[in-house]
Amino acid sequence: MFFEHGVYRQQKSLTICEANRNYSYSCELCCNRGYRVDCDRCPIKFAHKQTVELLRSLAKSRILA
1 MFFEHGVYRQ
11 QKSLTICEAN
21 RNYSYSCELC
31 CNRGYRVDCD
41 RCPIKFAHKQ
51 TVELLRSLAK
61 SRILA
């Protein structure tokens with residue numbers, strides 16, 4: 001449930017700043033609440049990378065349009 005919620009928050013982020021804030025919060029919870037998943041296998045990290053790439057791409061297309 002924790003990871004699903006973290007991925008959902010990434011997917012609902014409207015800005016890169018919001019995505020970064022949500023990702024930071026998820027990482028903090030993971031470390032402090034004992035989840036301790038390998039960061040390279042974290043689904044929230046994967047969703048964060050996808051979200052940031054998408055938001056950057058959208059920002060570039062708006063600038064070029």
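Under the working numbering, residues 1 to 65 are what the sequence shown spells out, in order.
Idealized CB from N, CA, C, for every residue including glycine.
Keep in mind it's a predicted model, so treat the numbers as computed, not measured.
| Item | Value |
| --- | --- |
| Beta-carbon contacts of Leu54 that lie in its chain and below 7 angstroms, excluding the five residues immediately before and after | none |
| C-alpha distance - Tyr8 paired with Leu58, whole-angstrom precision | 19 angstroms |
| Whole-angstrom C-beta distance between Gly6 and Ser26, which should lie under 8 angstroms | 4 angstroms |
| Local Cβ density within 10 Å of Lys45, reported as buried at 16 or more and exposed below that | buried |
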